[in-house]
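Heads up, the sequence shown is in the working numbering, so the first residue is 404 and it goes up one at a time. Ideal placement from N, C-alpha and C gives every residue a C-beta, glycine not left out. Being a predicted model, the structure only gives us computed values, none of them experimental.
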Amino acid sequence: MNVNYIDQEYQKMLEDGSLQDLPRDYVFRFECPPACMGLCCKHIEIFLDPWDVEVLARHLGITGREFIAAYGTYSLGAEWRWPNVLLRHAAEGKCAFLLDDGKCRVYPARPRNCRAYPLGRAVRFREGDPPRVEEKLFLLHRMEGCQGHRSPRQWTVQEWLVASDLQRYHELSDLHLQLIHYAVHELESRKWMHLGTAQVMLPFLYAPEVLRARLNIPETAVGHEEFYRRRMQALKVLLTEVAAGLGYGPGAVGAGQSQAAPEESLIDRLRPVLVDGE
Ligand code: SF4
Ligand code: SF4
């Protein structure tokens with residue numbers, strides 16, 4: 404069983420064992436020359452995961468909700484039936500953050516996929532609690548017209564991971580992928596996920612300010628990275644409960660039995676996770 408968010412081609416290679424993991428001391432050449440003017444940013448579709456949205460919204464000084472309204476396209480993904488956010492493009496097809504001089508307006512906060520290229524990463528989760536993460540790093544196919552590979556600048560894989568702050572992005576992104584894995588495989592969420600449920604999930608995934616305001620949790624009490632971790636954990640609890648009510652997952656009641664209605668509101672039931680990190 405696995406969940407991953409890479410191209411079908413790489414996913415297939417991961418499955419059949421032909422995807423080779425690059426050693427961390429593997430050396431490659433890459434640097435974007437100024438003359439390129441952000442060619443790849445003009446024809447690219449970028450999925451944003453919750454950590455991407457969080458970093459970008461904070462960089463721009465807006466809330467997660469405002470970010471999605473202004474720069475994201477939200478939908479329920481066809482494959483996993485999971486709430487997705489795609490980085491919105493300007494009408495002429497280029498990324499909304501590409502400046503006229505070819506620079507990225509949000510470079511320090513650019514999404515994981517932008518900071519990773521030309522390095523690709525395939526992930527799958529093996530059985531276990533928590534599931535065991537298996538990752539493979541590889542060089543993506545060269546984009547047509549990309550001049551970065553002609554640069555003399557050399558990197559080891561490890562140097563690239565550090566310079567792009569990718570290890571932290573990977574760790575936090577994996578918490579989200581683990582959640583999808585759990586929902587899809589343990590809770591069979593593809594059978595019952597619909598837009599209404601996805602709407603309830605939105606503050607946990609993309610709009611932490613809503614939860615902070617509801618529960619009065621200032622950033623001085625719980626820092627934003629720790630709150631992200633708690634949101635993913637709270638969403639697991641929430642989804643387990645929703646699934647149980649529909650007869651799926653570990654909390655499902657047996658046939659003919661009815662589930663007692665909880666006395667506390669949903670947000671109060673999640674309070675220990677979000678406020679106290681329990
Ligand atoms: S966010 Fe920045 S690096 Fe990524 S596609 Fe947009 S302009 Fe390019
Ligand atoms: S990755 Fe390649 S196409 Fe994109 S800006 Fe760099 S050099 Fe240009």
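Ordered along the chain, which non-local residues of its own chain (more than five positions away) have a Cβ less than 6 Å from that of residue i?
i: V430; result: Q557, T559
i: P514; result: I449, L451, D455
i: L417; result: A525
i: P521; result: F433, L542, L543
i: G523; result: F541, L543
i: R427; result: V560, Q561
i: Y413; result: A525
Return yes when the C-beta of residue i is under 7 Å from any heavy atom of ligand 1, and no when it is not.
i: V509; result: yes
i: F450; result: no
i: L491; result: Before going further, note that residue 491 is Arg rather than Leu in the sequence given. No.
i: L724; result: There is simply no residue 724 to check, as the chain begins at 404 and stops at 681 in what is shown.
i: I471; result: no
i: F500; result: yes
i: R617; result: no
i: I447; result: yes
i: P437; result: no
i: R513; result: yes
Establish whether the CB of residue i and some CB of chain D are separated by less than 8 Å.
i: V678; result: Of the chains in the structure shown, none is chain D; there is only one protein chain.
In chain order, what residues of the same chain lie with their CB nearer than 7 Å to the CB of residue i, ignoring the 5 residues before and after it?
i: V458; result: A512
i: E681; result: P675
i: L356; result: The chain is shown only over 404 to 681; residue 356 falls outside these bounds and no answer can be derived.
i: N405; result: Bear in mind that the predicted position of N405 carries a pLDDT of just 34, short of 50, making it unreliable; the figure below should be weighed with that in mind. Here the set comprises R527, F528.
i: L578; result: R632, M635
i: A493; result: A499
i: Q423; result: F541
i: V536; result: V526, F528, D577
i: H462; result: V509, P511, A512
i: P534; result: F528, Q581, H584
i: R491; result: Y474, G475, T476, A499
i: Q570; result: L564
i: L605; result: P486
Secondary structure at residue i, three-state DSSP: helix, strand or coil?
i: W595; result: coil
i: N487; result: strand
i: F500; result: coil
i: V406; result: No answer about V406 holds up, because its pLDDT of 35 lies below 50 and its placement is not dependable.
i: G650; result: coil
i: S478; result: strand
i: R513; result: coil
i: F731; result: What is shown of the chain runs 404 to 681, which leaves residue 731 out entirely.
i: E495; result: coil
i: E537; result: strand
i: Q550; result: coil
i: A519; result: helix
i: V526; result: strand
i: T643; result: helix
i: Q411; result: helix
For residue i, which residues from the same chain have a beta carbon less than 8 Å from its beta carbon, with the 5 sequence-adjacent residues on both sides left out?
i: R633; result: V625, V676, L677, G680
i: E469; result: A460
i: D710; result: Residue 710 lies beyond the residue range present for the chain, which begins at 404 and ends at 681; the question has no answer from this structure.
i: I447; result: C498
i: G654; result: T643, E644, A646, A647
i: T600; result: V645
i: D504; result: M440
i: I620; result: L614, F630, L677, V678
Exercise. Using 8 Å as the threshold, is the segment 474–486 in touch with the segment 583–603, meaning 3 or more CB pairs across them?
Worked result: Cβ pair count under 8 Å is three or more, so yes.
For this session: Take every Cβ of the segment 530–547, pair it with every Cβ of the segment 590–598, and state whether three or more of those distances are shorter than 8 Å.
Result: No, the segment 530–547 is not in contact with the segment 590–598.
Exercise. Would you call the segment 434–453 and the segment 491–498 in contact, with 3 or more CB pairs under 8 Å?
Worked result: A contact exists between the segment 434–453 and the segment 491–498.
Problem set entry | the segment 625–641 in contact with the segment 669–676 per 3-pair CB rule at 8 Å | Taking 8 Å as the limit for Cβ pairs, the verdict is that the segment 669–676 does touch the segment 625–641.
Problem set entry | Within 6 Å of ligand 2: residues by beta-carbon to any heavy atom | Selection output, chain order preserved: C435, C439, G441, L442, C443, Y520, M546, C549, Q550, G551.
Exercise. Are the segment 593–606 and the segment 620–629 touching, with three or more C-beta to C-beta distances below 8 Å?
Worked result: Contact fails: fewer than three Cβ-Cβ distances are below 8 Å.
For this session: Evaluate contact between the segment 519–534 and the segment 462–478, counting only Cβ atoms and requiring at least three cross-stretch pairs below 8 Å.
Result: No, because fewer than three Cβ pairs between the segment 519–534 and the segment 462–478 fall closer than 8 Å, the two stretches do not touch.
Exercise. Would the segment 597–614 and the segment 499–510 be scored as touching if the rule is three or more Cβ pairs under 8 Å?
Worked result: The answer is no - the segment 499–510 does not touch the segment 597–614, with fewer than three Cβ pairs under 8 Å.
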